[in-house]
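Everything below concerns the one structure shown next.
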Amino acid sequence: MPLDLAIINADIHGHAPPVNAVGIMDGHIVAIGTSSDIMEQCVPTTVIRDLGGMFLMPGFIDVHMHIAMAADYLSAIGLRDVRTMKALLERVAAWAAAHPDTPWIRGLEWSYGYPDLPDGEFDARMIDSILPDRPVILTSGMAHAAWANSRAMEIAGITRDTPDPENGEIVRRADGTPSGWLKEDAVSLVTSHIPPMTRPEMDHALGLVLDTASRLGITRMQSAAYDEAYLPLLSARDAAGTLPVRIGMMTEIEPDPGLTPQRLREALDLRARYDNAMVRLDGIKFFLDGVLESHTGYMPEGYADQPDARGTLLWDRTAYIDAVRTGVENGLDIWTHAIGPGAIHLALDAAEIAGNSPNRARIRVEHAELPYPDDITRFASTSTIASMQPVMIAPADEWMGMEGVWKKRVGDNRAQLAFPLRALLDADSMLAFGTDWPIVSLDPLRGLRKAVLRRPIGAPASEAWIPTQAISLPEAFDSYTSKAAVAAGRERYEGRIALAYRADIAVLSGNPFGMDPDSLPDLKCMLTVTAGRIVHDLI
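Number 311 in UniProt numbering belongs to position 311 of the sequence shown; there are no gaps in the numbering.
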């Protein structure tokens with residue numbers, strides 16, 4: 001049969017020599033064999049890429065990221081790599097000077113601690129010192145807190161008399177005045193006043209997001225809610241044949257009013273409108289708690305450093321369980337953000353009550369950072385997928401000032417089950433990887449390295465964080481490919497280099513299985529193919 005694309009002289013994952021080439025037609029892998037076999041099926045119009053021995057693999061699948069946040073990150077002030085408060089303020093000031101007509105100054109991914117942060121506390125006055133007259137809002141690296149200047153709080157009407165919103169906190173100075181540090185739902189008091197992007201601005205930012213993914217060998221991403229405004233733009237790119245990454249998306253179900261009949265109809269209508277191989281509304285997502293770093297993850301037994309703090313459980317137990325059951329009955333995949341042990345336990349209760357039939361919709365716990373010991377085995381027994389982000393393990397190379405914060409929150413004993421990759425796999429759980437980008441880097445190679453080594457880039461082996469929870473490179477690789485395809489509900493046609501599978505392929509400059517895991521981020525993605533189309537090419 002004539003081929004659209006032939007990739008030859010490859011080191012193919014899952015196939016031993018002399019097999020070293022694949023043939024692609026109509027977006028699918030239709031031939032796997034030797035280079036000479038594949039070349040015999042080429043015609044003058046066949047595009048040929050000779051890899052010269054480079055590593056060919058199924059495209060990476062990121063099962064948890066955020067399109068809207070990533071679009072913001074790439075079009076606003078990125079702060080993840082900043083390492084001092086002085087440098088942060090300089091970057092914000094420089095960006096504001098370069099964009100004098102931008103009404104709001106927005107930054108993303110500041111860290112919870114810098115060595116030169118006065119008293120370890122953020123205050124609006126620091127931003128006021130460089131930008132007193134323009135509103136500034138900087139969102140934290142965990143996306144559960146923000147830092148606003150006085151002008152932004154003035155626009156939002158936040159004063160000493162403003163009450164804390166439900167499920168949120170306005171952090172206050174000793175004299176009762178708002179400091180500018182906002183937690184959880186208090187952030188929206190400010191962000192609700194920011195003008196939305198125009199459609200052309202959104203489309204431009206979306207292009208930056210998709211290009212970034214393609215350059216990293218990612219052929220599918222799943223976007224974790226609040227991104228529905230991008231569905232028409234994604235669909236338009238799909239119709240034009242220019243969409244380089246497959247997208248699955250979730251729609252958020254808020255605790256109030258919950259999964260009402262109207263909200264269920266809205267989700268099902270989105271599914272009906274967006275349901276093809278490139279763009280699909282996969283299901284519904286719930287937030288049960290916050291994050292441990294800001295003491296908002298649900299810890300019924302209290303935090304080690306604040307024993308009276310329990311965090312936040314955002315849903316009523318019965319309402320949440322009923323909503324999960326309703327979603328499953330309507331064929332919608334279920335994602336639940338659950339980080340603290342109390343939230344994870346409730347998510348597993350809901351999965352158990354929803355039933356465990358072979359054709360049940362996917363049920364996933366997103367993050368699952370600190371389960372109770374007795375809940376480790378319940379992931380497998382309830383067929384619940386653990387959707388985790390290994391780049392967040394030992395995150396000093398991602399967020400400045402995070403060294404030791406997580407351990408401080410949970411204590412030495414409970415920290416032994418922090419990001420329990422090994423324990424979950426040993427209990428036969430399905431483990432799938434994503435990043436939560438732009439919270440941390442989108443690069444899957446950084447995630448592979450962290451899953452295996454559990455230490456920051458540049459740190460010695462002695463600094464591995466809870467190394468008993470490390471997993472092997474083959475196990476981590478599967479969690480970014482074949483098992484990620486299961487989590488995304490696409491295992492019958494994605495996640496492997498196999499006949500009749502979709503031609504979603506990444507080519508790396510070297511074989512990751514033949515190198516020191518510490519050097520994995522040094523590999524480069526040389527070629528990305530999605531649906532049989534070359535979307536990134538350095539060959």
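Backbone N, C-alpha and C define an ideal beta-carbon position, used for all residues, glycine too.
All values derive from a computational prediction rather than experimental measurement.
Local Cβ density within 10 Å of residue i, reported as buried at 16 or more and exposed below that
i, result
"Asn413", "exposed"
"Phe513", "exposed"
"His345", "buried"
"Phe373", "Here the sequence assigns Pro to residue 373, which means Phe is not the residue at that position. With fewer than 16 Cβ atoms within 10 Å of its Cβ, Pro373 is classed as exposed."
"Ile321", "buried"
"Pro135", "buried"
"Leu499", "exposed"
"Ala124", "buried"
"Ala240", "exposed"
"Met515", "exposed"
Residue i - DSSP class collapsed to helix/strand/coil
i, result
"Gly14", "coil"
"residue 563", "Past the boundaries of the shown model lies residue 563; the chain is included only from 1 to 539, so the question cannot be answered."
"Ala464", "coil"
"residue 543", "Because the chain here runs from 1 to 539, residue 543 falls outside it and cannot be looked at."
"Pro222", "The displayed chain sequence assigns Gln, not Pro, to residue 222. Reduced to three states, the DSSP call for Gln222 is strand."
"residue 626", "Residue 626 is absent from the structure shown; the chain starts at 1 and stops at 539."
"Val535", "strand"
"Ser357", "coil"
"Gly248", "strand"
"Ser429", "coil"
"Arg263", "helix"
"Met54", "coil"
"Ala98", "helix"
"Val440", "coil"
"Thr381", "In the sequence as displayed, the identity of residue 381 is Ser instead of Thr. Here Ser381 sits in helix by DSSP."
"Lys524", "coil"
Cα-Cα separation between residue i and residue j, rounded to whole angstroms
i, j, result
"Thr481", "Thr435", "14 Å"
"Ala323", "Gly258", "7 Å"
"Leu538", "Lys524", "9 Å"
"Ile32", "Met57", "13 Å"
"Asp308", "Ile534", "55 Å"
"Arg173", "Ile105", "24 Å"
"Phe287", "Lys183", "15 Å"
"Ala488", "Asn330", "17 Å"
"Ile130", "Met25", "57 Å"
"Ile247", "Ile284", "15 Å"
"Ala68", "Asp227", "5 Å"
"Arg160", "Ala272", "47 Å"
"Ala503", "Ala97", "46 Å"
"Leu234", "Met250", "14 Å"
"Thr318", "His337", "17 Å"
"Asp101", "His66", "27 Å"
"Lys407", "Pro517", "25 Å"
"Ile127", "Arg199", "30 Å"
"Pro438", "Thr260", "31 Å"
"Met388", "Glu40", "43 Å"
"Ala531", "Asp275", "16 Å"
"Glu109", "Arg83", "12 Å"
"Ser150", "Gly78", "21 Å"
Nonlocal neighbours in the same chain, by C-beta distance under 7 Å from residue i, ignoring five residues either side
i, result
"Gly207", "none"
"Pro460", "none"
"Ala186", "Asp164, Pro165, Gly168, Glu169, Ile170"
"Gly53", "Asn9, Asp11"
"Ala485", "Ile61, Glu491, Glu494, Gly495"
"residue 542", "Residue 542 is absent from the model: the chain starts at 1 and stops at 539."
"residue 558", "This structure leaves residue 558 out entirely; the chain is present only between 1 and 539."
Below-9 Å beta-carbon distance, residue i vs any chain C residue
i, result
"Leu292", "Here there is only one protein chain, and chain C is not present."
Own chain, CB closer than 6 Å to residue i, minus 5 neighbours either side, in chain order
i, result
"residue 555", "Because the chain here runs from 1 to 539, residue 555 falls outside it and cannot be looked at."
"Ser192", "none"
"Ile298", "According to the sequence shown, residue 298 is Tyr rather than Ile. The answer, listed in chain order, is Asp289, Gly311, Leu313, Gly340, Gly342, Ala343."
"Ser479", "Leu431, Ala432, Phe433"
"Ile48", "Ala6"
"Pro255", "Leu314, Trp315"
Same chain, Cβ closer than 8 Å to residue i, neighbours up to 5 away in sequence not counted
i, result
"Ala71", "Met197, Met202, Ala205, Leu206, Leu208, Val209, Tyr230"
"Ala464", "Ala394, Leu453, Arg454, Arg455, Ala470"
"Ile376", "Leu417, Pro420, Ala423, Leu424, Ala427, Ser429"
"Ile497", "Ile12, His13, Gly14, His15, Val22, Ile29, Ile32, Leu56, Met57, Pro58, Ile505"
"Val328", "Ile334, Ala354, Gly355, Arg360, Ala361, Ile363"
"Lys86", "Asp116"
"Leu3", "Gly23, Ile24, Met25, Val30, Ala31, Ile38, Gln41, Cys42, Val43, Thr46"
Integer Cβ distance of residue i from residue j, believed to fall under 8 Å
i, j, result
"Val410", "Val440", "Not quite, the Cβ-Cβ distance comes to about 19 Å (not below 8 Å), so this is no contact."
"Ala449", "Leu348", "Looking at the sequence shown, residue 449 is not Ala but Arg. Contact doesn't hold; Cβ gap of about 29 Å is too wide."
"Asp282", "Gln222", "7 Å"
"Val92", "Gly107", "6 Å"
"Pro444", "Gly217", "7 Å"
"Ile137", "Ala145", "Contact flag wrong, Cβ pair sits at about 11 Å."
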